[in-house]
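What follows is a set of notes on a single structure, which appears directly below.
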Amino acid sequence: MIYIALFQKSFQRMMTYRAATIAGIATNFFFGLLRAYLFIAVFEASGQAQIGGYTLRDAITYTALTQAIGTPIAILSWWWEVMRAIRSGEIVSDLTKPFHYFGFWLARDVGRATFHFIFRGLPIFLFFPFFFELTLPSSVTQWGLFFLSVVLAVFISFCWRFLVNLSAFWFLDAMGIGRFAWLVMTFLSGFIVPVAFFPEWLKFAVALTPLPAMINTPIEVYLGIAQGAGLWMALGSQLAWAIGMALLCAWVYRRGVQKLIIQGG
Amino acid sequence: MLSLYFVLIGARLRSQMQYKFSFIADFLATFIGMGLEFAGVLVLFTHMPALGGWTLPEVALLYGTAELSFALANMTAEGFDGFAGVIRLGEFDRLLLRPRSVFFQVLASEFALRRLGRVAQAVLVLSAGLWLLRAEWGLERWLFLGWTVLGGTVFFIGLFVIGATFSFWTVEGLEAVNIFTHGGVTMASYPLNIFAEWLRNFFVFVLPLAFVNFYPMLFLLEKPDPFGLPGFMPFLAFPLCSLVLLVGVYFWRVGVRHYQSTGH
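Sequence order for the protein chains is R and C.
Start counting the first sequence at 0; every next residue gets the next number (numbering that gives the first Met the number 0).
Start counting the second sequence at 0; every next residue gets the next number (numbering that gives the first Met the number 0).
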């Protein structure tokens, strides 16, 4: 199948950037250390054993996990290729090809994410125990649900990025919109500080968006903070967002192609 | 040389201002976006009275000065930040032919006005911190603050130059330089004493990051030195930051001499 081939090619392409991968691991790990020490100081200053349901060990594990899954979920990098294809008019040649445009980019992004998960996320996570004690999931099921949640998070993040890229159909220069969307995603997804640390009003506001489904949900599943009915609610809302965002992508894409004017093609 | 610099930079600025809407959108995006990063600090402060002995306005001063120096350095040294691309495309050979030093040419090749959003954000956080502290300083302290920001800018320009120099040997793996540039500004945004001892020692004694803003702030806020070093440390700030730039320029010269073309 063509999408599987696209997935493989994208995965293989990432393999060629060996030095870049090692440098990326070092950088992400270093930032993880800085963030872990920050949380140690926060817990010390707060005088509390738990903040928003997180123990200190959970908070340190949170920094390890965010640094590890940040690249697969593309919080630490953004992606402008669709925007560029729309601006340059290259998209026209893609439209004539026998595949679905959304599927084409999704397959490539999943290839990239899989590579990043194995060769970037995993090593970063495995370096952490040399410095700190980490929380581990208590059962195989919990591990499984965590991976499922990461897969959904990658998909939702892809839809979010795809949508932002599509804004280039309407705005000649959508770079500013893109940069803004990225920075909003970084903070409101719970990448900088766990959503559980937010004040109540902000927690309520972000719960209405797909943003926490990209980072916060997988982490709360891993840490066991989402439990029982809360766990199924968390995964269910992730699934609902995944379906909703995919439908929205399809709709916006169709509208965009309808109004597409290519100059001098 | 200076007038040539302004001619070249002026041309860059005019070209960047051609796309006004995109400039404003970019400015706002960076301004609000970088503000969200400080929002993380604000969220943490809802759970504690002080961080490593530093209150919120005091941390705002650290954060504001670190970000301001970094953003100013990033704006002026943009040519060095994107230098790997020049090497990769083999464009560096052309610079060698021109009758000006390559250092000057790279410096004057770019001026990133789009970083202005980050500058504005840093100024906002810094001003908020100063206002909350009700800083009633004499002129000499305000001058010292300006001197500190300038020192920090020189420090980060030095780091960008050092980072760019590595691309004479390798264009891959340059992301690791971010440990010192972006990692540096992140560390300098918080009180140094919250980090582990080995990290702290490295950033005080090897790479003098502590002098970008930590020691100057101890002096301005009249806080005791948590590391118990002599009281003249804050006054070493500017000289040590300049030293980083000097090392950078020296290293750059070594790099240029080492340069082998990508073969065109």
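Every residue, glycine too, gets a C-beta built ideally from N, C-alpha and C.
These figures come from a predicted structure and were not determined experimentally.
8 Å Cβ cutoff, C/Asp25 in contact with chain R: For the purposes of this step, residue 25 of chain C is identified with residue 26 of the second sequence, where counting begins at 1. Among the CB atoms of chain R, one or more fall inside 8 Å of the CB of C/Asp25.
Beta-carbon proximity of R/Val81 to R/Phe154, cut-off 8 Å: Position 82 of the first sequence, counted from the start, is the residue given in the question as residue 81 of chain R. Position 155 of the first sequence, counted from the start, is the residue given in the question as residue 154 of chain R. Not in contact: R/Val81 and R/Phe154 (Cβ atoms no closer than 8 Å).
Cross-chain neighbours of R/Ile50 in chain C, by beta carbon under 8 Å: Taking the first sequence and counting its residues from 1, the one referred to as residue 50 of chain R is at position 51. Per Cβ cutoff of 8 Å: His46.
Burial state of C/Trp130, where buried means 16 or more other Cβ atoms lie within 10 Å: For the purposes of this step, residue 130 of chain C is identified with residue 131 of the second sequence, where counting begins at 1. Per the 10 Å Cβ criterion, exposed.
C/Thr164 at chain R interface by Cβ criterion, 8 Å: Mapped onto the second sequence, residue 164 of chain C falls at position 165. Not closer than 8 Å to any Cβ of chain R, the Cβ of C/Thr164 fails to qualify, so no.
Opening and closing residue of the alpha helix (DSSP H) in which R/Ile68 lies: If you number the first sequence from 1, residue 68 of chain R lands on position 69. R/Ile68 -> alpha helix (DSSP H) spans 55 to 69.
Reference C/Ser2; option with closest CA among C/Pro48, C/Phe103, C/Leu35: Here residue 2 of chain C is taken as the residue at index 3 of the second sequence, counted from 1. That would be C/Phe103, whose Cα lies nearest to the Cα of C/Ser2.
Close beta carbons around R/Gly264, own chain, < 8 Å, minus the five adjacent residues each side: By 1-based counting over the first sequence, the position of residue 264 of chain R is 265. For R/Gly264, the pLDDT reaches just 46, beneath the cut-off of 50, and the residue's location in the model is therefore unreliable, leaving the point undetermined.
Interface partners of R/Tyr36 on chain C, CB under 8 Å: Translated into positions along the first sequence, residue 36 of chain R becomes position 37. By Cβ distance, chain C contributes Ile193, Phe194, Ala195, Leu198.
Neighbour list for C/Gly183 in chain R, Cβ cutoff strictly below 9 Å: Within the second sequence, residue 183 of chain C is the residue found at index 184, counting from 1. None at all; the shortest Cβ gap to chain R is about 10 Å.
Contacts around C/Pro225, its chain only, beta-carbon distance under 7 Å, and the 5 residues preceding and following it disregarded: Numbered from 1 along the second sequence, position 226 holds the residue referred to as residue 225 of chain C. Asn192, listed in sequence order.
Exposure of C/His257, with buried meaning 16 or more beta-carbon neighbours within 10 Å: In the second sequence, the residue the question calls residue 257 of chain C occupies position 258. Around the beta carbon of C/His257, fewer than 16 other beta carbons lie within 10 angstroms, which makes this residue exposed.
Close beta carbons around R/Asn164, own chain, < 8 Å, minus the five adjacent residues each side: Here residue 164 of chain R refers to the residue found at position 165 of the first sequence. Counting only Cβ-Cβ distances below 8 Å, and skipping sequence neighbours, we find Trp78, Trp79, Glu80, Val81, Met82, Ile85, Ala173, Gly177.
Any C-beta of chain R under 8 Å from that of C/Ala187: As a working mapping, residue 187 of chain C is identified with position 188 in the second sequence. Taking Cβ atoms only, chain R never reaches closer than 8 Å to C/Ala187, which makes this a no.
Interface positions of the region 76 to 99 of chain C facing chain R (Cβ-Cβ less than 7 Å), listed along the chain: none
C/Tyr249 versus C/Leu242: straight-line alpha-carbon distance, rounded: Position 250 of the second sequence holds residue 249 of chain C. Position 243 of the second sequence holds residue 242 of chain C. When only Cα atoms are considered, C/Tyr249 and C/Leu242 end up about 10 Å apart.
Cβ of R/Phe131 within 8 Å of any chain C Cβ: The sequence position of residue 131 of chain R within the first sequence is 132, counting from 1. So, not an interface residue.
Three CB pairs or more closer than 8 Å across the region 161 to 169 of chain C and the region 23 to 34 of chain C: In short, these stretches do not touch, since the Cβ pair count stays below three.
Residue(s) in a DSSP beta bridge with C/Trp53: Along the second sequence, one-based indexing puts residue 53 of chain C at 54. C/Leu50.
Cutoff 6 Å; reference R/Phe116; Cβ partners in own chain excluding five residues on either side: Residue numbering aside, residue 116 of chain R sits at position 117 when the first sequence is read from its first letter. Contacts found: Pro71.
Three-pair Cβ contact test at 8 Å for the region 170 to 189 of chain C versus the region 32 to 48 of chain R: yes
R/Thr26: contacting residues in chain C (beta-carbon distance under 9 Å): In the first sequence, residue 26 of chain R corresponds to position 27, counting from 1. Residues of chain C passing the Cβ test: Glu174, Ala175, Val176, Asn177, Ile178, His181, Gly182.
Alpha carbon of C/Ala10 to alpha carbon of R/Ile50, nearest angstrom: Your numbering for residue 10 of chain C matches position 11 in the second sequence. Your numbering for residue 50 of chain R matches position 51 in the first sequence. One C-alpha to the other measures close to 52 Å.
R/Ile218 - DSSP class collapsed to helix/strand/coil: For this step, residue 218 of chain R is matched to residue 219 along the first sequence. In this structure, R/Ile218 counts as helix in the three-state DSSP scheme.
Residue ranges of each alpha helix (DSSP H) within the region 131 to 180 of chain C, 4 or longer: With a minimum length of 4 residues, the continuous alpha helix (DSSP H) runs that stay inside the region 131 to 180 of chain C are 138 to 164.
Same chain, Cβ closer than 6 Å to R/Ser166, neighbours up to 5 away in sequence not counted: As a first step, residue 166 of chain R is located in the first sequence; it is residue number 167 there, counting from the start. The answer, listed in chain order, is Ala173, Ile176.
Nearest residue (CA-CA) to C/Leu228, options C/Val203, C/Leu220, C/Leu112, C/Ser108: Within the second sequence, residue 228 of chain C is the residue found at index 229, counting from 1. Comparing Cα positions, the closest option is C/Val203.
Start-to-end residues for the alpha helix (DSSP H) that takes in R/Ser45: In the first sequence, residue 45 of chain R corresponds to position 46, counting from 1. Residues 17 to 45.
Cβ-based neighbour list, C/Tyr4, same chain, cut-off 8 Å, excluding 5 preceding and 5 following: On the second sequence, position 5 is the one that residue 4 of chain C refers to. Correct list, in chain order: Phe103, Leu106, Ala107.
Where the alpha helix (DSSP H) containing C/Asp80 begins and where it ends: Within the second sequence, the letter at position 81 stands for residue 80 of chain C. Following the DSSP letters along the chain, one finds C/Asp80 inside the alpha helix (DSSP H) bounded by residues 77 to 80.
Identity of the residue in R/Phe129, R/Met213, R/Thr185, R/Trp169 nearest R/Lys258 by Cα: Here the question's residue 258 of chain R lines up with position 259 in the first sequence. Comparing Cα positions, the closest option is R/Trp169.
Completely contained alpha helix (DSSP H) runs for the region 199 to 247 of chain C, where each covers 4 or more residues: 213 to 219
Proximal chain R residues relative to C/Thr169, where beta-carbon distance stays under 9 Å: One-based indexing of the second sequence puts residue 169 of chain C at position 170. The contacting residues are Ala18.
Cβ-based burial, R/Trp181 [other Cβ within 10 Å; buried from 16]: As a first step, residue 181 of chain R must be located in the first sequence, where it is residue number 182. Per the 10 Å Cβ criterion, buried.
Span separating the alpha-carbon of C/Ile178 from that of R/Ala25: As a first step, residue 178 of chain C is located in the second sequence; it is residue number 179 there, counting from the start. As a first step, residue 25 of chain R is located in the first sequence; it is residue number 26 there, counting from the start. One C-alpha to the other measures close to 8 Å.
Exposure label - R/Met14; buried when at least 16 CB within 10 Å: Looking up residue 14 of chain R in the first sequence gives position 15. Exposed is the call here.
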